[in-house]
């Protein structure tokens with residue numbers, strides 16, 4: 014039987030296990046990436062492992078999230094990251110060079126390779142036929158140390174594409190269609206692989222947009238083949254020698270097939286406040302719009318901004334709209350300039366920001382109170398924009414520019430002839446802000462620069478024999494990592510200071526959570542959190558596990574967990590338990606005391622059922638869905654503890 018592209022990528026990197034769905038496997042990692050919101054902690058973890066130099070083929074440290082230097086902390090962390098890269102043999106992408114996923118697609122993505130990134134949207138590189146997976150910083154640190162990445166062999170969803178996109182419909186609409194179909198948890202435990210004759214009309218940036226937003230479906234990753242379109246992209250980047258053809262075998266078998274005729278799509282929008290709350294733009298027409306932003310790792314490529322610039326040429330942005338552009342990279346910005354498109358944007362009234370994530374991660378660009386904001390961003394979770402009760406819609410660049418021109422939700426097909434876009438055969442390439450690794454002899458002399466906000470990691474205790482916890486918080490379904498550990502300009506600069514950032518755990522749900530947790534910790538008591546379905550969806554930020562662990566959280570009991578968050582919980586010794594009977598969720602109240610019986614014995618013996626006493630109420634059972642390695646990590650108290658034992 015033939016193999017899919019995803020299976021070929023896994024097979025060529027398999028370290029342990031077999032291509033058997035649902036079974037544990039480990040794969041070799043060729044490349045890693047970090048961004049500054051997660052990278053500072055990842056490198057503190059790498060230092061704790063004690064490896065003198067990264068062992069991957071290529072590792073890159075990007076600065077793209079915390080670009081606003083409102084005080085010393087971000088600037089200090091940027092210097093720390095640059096010195097770490099110089100010391101340990103990484104590439105360093107300086108502030109202003111661009112968003113990690115856009116720059117990686119341009120300069121480093123290589124068909125047939127694996128990539129592990131401490132950012133949930135790392136699958137963007139799947140648009141260039143990589144097996145690109147988002148993970149917590151500790152997993153990335155381990156990969157840089159030469160260790161394999163462990164996961165459960167995913168099922169493969171094949172998406173058969175036919176036809177071609179109509180005018181004013183783009184790759185974003187493909188992803189939104191998929192989100193409406195699968196929802197934010199429909200990709201859990203799966204890889205989404207695209208194939209079919211419809212691929213020929215999708216450029217690598219188009220494919221990257223679709224792969225990027227597979228993250229919002231909960232997928233392990235999304236994968237495209239490497240074909241002539243891929244070769245054309247690499248040629249334009251001056252990297253055609255890195256191309257290899259990588260196609261699914263004619264007799265490849267998918268676990269599920271979704272049929273999608275691209276010509277049947279229409280402009281779509283994800284309505285507040287979830288990426289899967291998707292409706293046709295035609296149903297939203299007339300809603301007034303106050304802010305429009307084109308940017309983010311999903312839609313800030315040269316292709317995206319050229320469409321916007323050409324639609325704006327000779328016109329003016331509506332006076333009621335703040336129209337903002339966040340270019341994806343320095344390369345995108347320079348090519349816009351050379352092609353004359355930058356002038357078209359400026360003359361039309363667009364505000365041009367630096368190349369970076371900015372408003373997508375809550376770093377500025379908060380919308381006005383009670384207004385609608387249209388964004389080509391990845392997420393619209395409640396309050397993520399920085400404005401309480403925000404009304405953020407996720408749209409394509411085409412829908413964005415239509416609203417910018419009219420001041421209201423407008424079907425872009427009403428704008429007239431669709432702009433003709435032709436990407437250059439060869440991009441202008443300027444790597445002035447991309448620093449290569451230093452030679453080993455020179456790197457050995459580098460001293461790492463540490464600002465006062467960089468605090469070493471604490472020690473984490475092993476799992477006790479019996480775990481007695483107070484339920485300090487009970488929450489519902491689809492709790493995101495933004496709920497657990499908020500982002501934004503106030504909190505993200507604390508990412509390398511665990512005691513300080515821990516003060517904000519669950520602050521948007523219960524502002525007193527951290528204070529109450531520390532009080533219990535001082536009394537020597539452990540804490541549990543109870544949740545519903547898809548607990549921990551969203552960002553890969555491991556602070557959503559690390560900070561609760563610092564506060565004394567040792568168990569989380571939920572109906573189901575999002576993949577990356579579950580892995581992060583395990584890495585820091587927090588026991589993730591699934592309700593054996595989902596109805597038992599109703600039996601637990603906030604404030605209850607739970608006793609997880611014989612935890613060490615259950616984990617050590619490989620048992621999958623755990624008795625849980627709700628003190629004064631009775632007994633329920635939890636399911637332990639963990640690999641043998643997961644169990645060893647939790648028993649040791651953290652992956653770092655286990656690594657030191659090795």
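In this note's numbering, the protein residues as written are 14 to 659.
All residues carry an ideal CB built from backbone N, CA and C; glycine is no exception.
In its own chain, which residues sit with a C-beta less than 6 Å from the C-beta of residue i, not counting the 5 before and 5 after it?
| i | result |
| --- | --- |
| residue 605 | 484, 627 |
| residue 48 | 75, 77, 78, 113, 132 |
| residue 487 | 543, 603 |
| residue 662 | Lying outside 14 to 659, the shown extent of the chain, residue 662 is not represented and no answer is given. |
| residue 101 | 66, 67 |
| residue 17 | 169, 206, 261, 265 |
| residue 571 | 544, 548 |
| residue 504 | 517 |
| residue 195 | 230 |
Which residue comes first and which comes last in the beta strand (DSSP E) that contains residue i?
| i | result |
| --- | --- |
| residue 482 | 480–487 |
| residue 52 | It is not in any beta strand (DSSP E) - residue 52 instead sits in the alpha helix (DSSP H) that spans 49–62. |
| residue 629 | No beta strand (DSSP E) contains residue 629, which DSSP labels as neither H nor E. |
| residue 536 | Note, residue 536: premise wrong, no beta strand (DSSP E); not H, not E. |
| residue 72 | 71–75 |
| residue 366 | Run containing residue 366: none; DSSP gives neither H nor E here. |
| residue 207 | 203–208 |
By a C-beta neighbour count over all protein chains shown, 10 Å radius and 16 as the cutoff for buried, is residue i buried or exposed?
| i | result |
| --- | --- |
| residue 321 | buried |
| residue 152 | buried |
| residue 84 | exposed |
| residue 469 | exposed |
| residue 262 | exposed |
| residue 82 | exposed |
| residue 404 | buried |
| residue 427 | exposed |
| residue 372 | buried |
| residue 280 | buried |
With a CB to CB cut of under 7 Å and the five nearest residues on each side skipped, what residues in its chain are close to residue i?
| i | result |
| --- | --- |
| residue 600 | 627, 630, 633 |
| residue 156 | 42, 45, 69, 129, 162 |
| residue 651 | 473, 584, 585, 586 |
| residue 222 | 184, 185, 188, 311, 312 |
| residue 490 | 545, 546, 547 |
Between the Cα of residue i and those of the options, spot the shortest distance and give me the residue it belongs to.
| i | options | result |
| --- | --- | --- |
| residue 451 | 25, 105, 91 | 105 |
| residue 302 | 208, 414, 247, 239 | 414 |
| residue 271 | 197, 171, 226 | 171 |
| residue 476 | 376, 584, 528, 523 | 584 |
| residue 539 | 156, 568, 43 | 568 |
| residue 432 | 140, 39, 182 | 182 |
| residue 327 | 309, 348, 311, 354 | 354 |
| residue 641 | 51, 615, 197, 657 | 615 |
| residue 589 | 289, 335, 128, 644 | 644 |
| residue 366 | 385, 17, 463, 337 | 337 |
| residue 332 | 363, 482, 471 | 363 |
| residue 346 | 441, 269, 277 | 441 |
| residue 286 | 531, 395, 534 | 395 |
| residue 581 | 398, 14, 148 | 148 |
| residue 142 | 449, 410, 218, 15 | 218 |
| residue 241 | 257, 493, 226, 228 | 257 |
| residue 199 | 479, 226, 86, 210 | 226 |
| residue 478 | 191, 610, 380, 282 | 610 |
Would you say the beta carbon of residue i comes nearer than 8 Å to a heavy atom of the ligand GTP?
| i | result |
| --- | --- |
| residue 471 | Annotation note on the ligand GTP: not contained in the displayed structure, which lists no ligands. |
Need the endpoints of the alpha helix (DSSP H) that residue i sits in, please.
| i | result |
| --- | --- |
| residue 116 | 113–120 |
| residue 337 | Not the alpha helix (DSSP H): residue 337 falls in the beta strand (DSSP E), residues 335–338. |
| residue 642 | 641–649 |
| residue 388 | Run containing residue 388: none in the alpha helix (DSSP H); it sits in the beta strand (DSSP E), 385–388. |
| residue 85 | 85–101 |
| residue 404 | Careful: residue 404 lies outside any alpha helix (DSSP H), inside the beta strand (DSSP E) at 404–407. |
| residue 246 | 241–249 |
| residue 583 | 576–584 |
| residue 490 | Residue 490 -> no alpha helix (DSSP H), and no H or E assigned at all. |
Which same chain residues end up closer than 8 Å to residue i when comparing Cβ atoms and leaving out the 5 residues on each side of it in sequence?
| i | result |
| --- | --- |
| residue 334 | 302, 303, 304, 305, 416, 417, 420 |
Is the stretch 339–357 in contact with the stretch 112–132, if contact means three or more CB pairs nearer than 8 Å?
yes
Taking three-plus beta-carbon pairs below 8 Å as touching, is the stretch 551–561 in contact with the stretch 616–635?
Remark: fewer than three beta-carbon pairs, one from each stretch, lie closer than 8 Å, so the stretch 551–561 and the stretch 616–635 are not flagged as touching.
Is it a yes or a no for the stretch 304–318 touching the stretch 248–260, going by three-plus beta-carbon pairs under 8 Å?
no
With contact counted as at least three CB pairs below 8 Å, one residue from each stretch, are the stretch 154–167 and the stretch 178–193 in contact?
Using a C-beta cut-off of 8 Å, the stretch 154–167 makes no contact with the stretch 178–193, since fewer than three inter-stretch Cβ pairs fall below that distance.
Count the CB pairs spanning the stretch 26–34 and the stretch 432–445 that are closer than 8 Å, and state whether there are at least three.
no
Meets three-Cβ-pair contact criterion under 8 Å: the stretch 220–235 and the stretch 126–143
yes
Please determine if the stretch 510–528 and the stretch 567–581 are in contact, where contact requires at least 3 C-beta pairs separated by less than 8 Å.
No: fewer than three Cβ pairs fall under 8 Å.
For the stretch 290–305 against the stretch 382–392, are there 3 or more C-beta pairs whose distance is under 8 Å?
yes
Count the CB pairs spanning the stretch 521–539 and the stretch 89–108 that are closer than 8 Å, and state whether there are at least three.
no
Inter-stretch contact at 8 Å, needing at least 3 Cβ pairs: the stretch 206–222 / the stretch 173–182:
Cβ pair count under 8 Å is three or more, so yes.
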